[in-house]
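Read the structure below first, then the notes.
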Ligand code: NAD
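In full-length UniProt numbering, the protein residues as written are 1 to 512.
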């Protein structure tokens, strides 16, 4: 049998690349200087896989200085030069795909099939997309609007971007932050989550190996309150882009606002999954299980609240619970595994706490416990389905970020859509129906940055991702992300060559 933790080289083939430390500044790896260390732990085994020195303030300062020094050259490169570099970057990523997949599986506990088929190819595709998009940056208008002038818009990079990323999709989040920023001519300092710095570091190194100049992409691996706050408050950082929880996003916004920075926030979610009574029950049940359990439910767009119209409710609960029980928990590196552990034991205990508190007012239909046997030492939690909870209860309103789906009934279409919108979040939502009018109404009325019809989860590089309400503002991916990472400048040319312009009358009167 495959024994987790006994074959580290297979789980972590890129280990040697981290020998010099977990900071990446001006094109080179370095140790952090905070005097404190942090473990990267394999959540499937609880064993330490890597330990690194956390970034201190001086590491953040050095990374920002490197990004600042690289900015004029990178901003001055032609779109074609930046595009070529990003195309080479995509090729290097593709050559190293297996190292990325294993490092991501190791640090997060994701099944290898997920990292091989989703995280890594998604990142390569995103890189290729931004290689193309780098040549498509446009100002919107040019013309003689006043009659006496030619006006046009220049779209320019902002400067040094300071980005902060979460642990749930470390590689994809690094890509979503870094790629639009650098495609638009900015330079960047990225702080990955403390638990999961490995693939962000591999990403930055691959960029340098592909010929992206030193200092364009820098990584500081440090704590949120330490390196994170230093980066957000830094005077030489022109923009903060943050992906993480709404609570931390508020703190980041306070600091960024105090230093008058451009701000992009991708925050938490609690996506509804609305099943109307004409929906294909089997498709909806399969979609709910996949949408709730992807990445062990640690997905900001995961299906978390299924609202099912009364005629289908009982059958939906029964079928969804039965399907959940077929999902195979196991070692992320074993071929038969569908679902890995949560990212850490502390996070697993947090998820269990939500379910345990809900027992006082709701019913746990399946799951609601950690598995025993071989999986006992890992941060595993069984797929969990909860019913009977009130709309205003914690399990319906709070972001749990684990493999937990709450199912609630509704009667009228009005009620279903109202309940779906009734949380502070607005990142994603789905509606399940064969009726085109119901589907159209749902796309109009669901208050979320993404609405799926008869599916839940897929994303694509060409389309924007971002929240409404407490899920934040601004867009990742797609050409829309350039709105965050560029600023527009109005340039106005006088066409008259007159010494005394027409409008000077407002100052000189009619005197010649
Ligand atoms: P988190 O908010 O705890 O941490 C996110 C990042 O912020 C980490 O790098 C952390 O070190 C840093 N941080 C913590 N305190 C900080 C501070 N005071 N100042 C600056 N930085 C600080 O989130 P998490 O637990 O890592 O990730 C899960 C959360 O991320 C969930 O809420 C999830 O919905 C959200 N998320 C959102 C999206 C999206 O696109 N909207 C995508 C992925 C994850």
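Virtual Cβ for every residue (Gly too), placed ideally from N, Cα, C.
DSSP-derived helix/strand/coil call for residue i
i           : result
residue 374 : helix
residue 29  : strand
residue 313 : helix
residue 476 : strand
residue 191 : strand
residue 168 : coil
residue 430 : strand
residue 405 : strand
residue 450 : strand
residue 42  : strand
residue 36  : coil
residue 307 : strand
residue 298 : coil
residue 485 : helix
residue 414 : helix
residue 511 : coil
residue 113 : helix
residue 47  : strand
residue 141 : coil
residue 422 : coil
residue 553 : Lying before the first or after the last residue shown, residue 553 is absent from the chain, which here runs from 1 to 512.
residue 104 : helix
With 16 other Cβ atoms within 10 Å as the buried cut-off, status of residue i
i           : result
residue 172 : buried
residue 36  : exposed
residue 460 : exposed
residue 423 : buried
residue 515 : What the structure shows of the chain is the stretch from 1 to 512, and residue 515 is not part of that stretch, so it cannot be assessed.
residue 465 : buried
residue 101 : buried
residue 432 : buried
residue 493 : exposed
residue 504 : exposed
residue 19  : exposed
residue 384 : buried
residue 463 : exposed
Span separating the alpha-carbon of residue i from that of residue j
i           : j           : result
residue 25  : residue 205 : 10 Å
residue 471 : residue 117 : 27 Å
residue 339 : residue 303 : 16 Å
residue 402 : residue 351 : 6 Å
residue 348 : residue 75  : 44 Å
residue 485 : residue 52  : 31 Å
residue 227 : residue 44  : 28 Å
residue 144 : residue 239 : 33 Å
residue 134 : residue 509 : 49 Å
residue 69  : residue 242 : 23 Å
residue 367 : residue 382 : 5 Å
residue 344 : residue 10  : 21 Å
residue 449 : residue 42  : 33 Å
residue 281 : residue 306 : 13 Å
residue 23  : residue 395 : 38 Å
residue 456 : residue 122 : 17 Å
residue 246 : residue 149 : 46 Å
residue 511 : residue 500 : 11 Å
Limits of the beta strand (DSSP E) - the one that residue i falls within
i           : result
residue 262 : 262-266
residue 535 : The requested residue 535 does not occur in the structure, where the chain is confined to residues 1 to 512.
residue 242 : 239-243
residue 366 : 363-366
residue 465 : Careful: residue 465 lies outside any beta strand (DSSP E) and carries neither H nor E.
residue 209 : It is not in any beta strand (DSSP E) - residue 209 instead sits in the alpha helix (DSSP H) that spans 198-209.
residue 441 : Unbroken run through residue 441 is the alpha helix (DSSP H), 436-445; no beta strand (DSSP E).
residue 217 : 217-219
residue 276 : That residue, residue 276, is in no beta strand (DSSP E); it is neither H nor E in DSSP.
Alpha helix (DSSP H) segment containing residue i, residue limits
i           : result
residue 86  : 79-95
residue 503 : Per DSSP, residue 503 belongs to no alpha helix (DSSP H) and is neither H nor E.
residue 230 : 229-233
residue 127 : 120-133
residue 345 : 345-358
residue 286 : 281-293
residue 255 : 246-258
residue 64  : 57-76
Contact under 8 Å by Cβ, residue i with residue j
i           : j           : result
residue 46  : residue 274 : no
residue 107 : residue 40  : yes
residue 419 : residue 467 : no
residue 252 : residue 220 : no
residue 208 : residue 190 : no
residue 360 : residue 389 : no
residue 235 : residue 164 : no
residue 398 : residue 271 : no
residue 185 : residue 82  : yes
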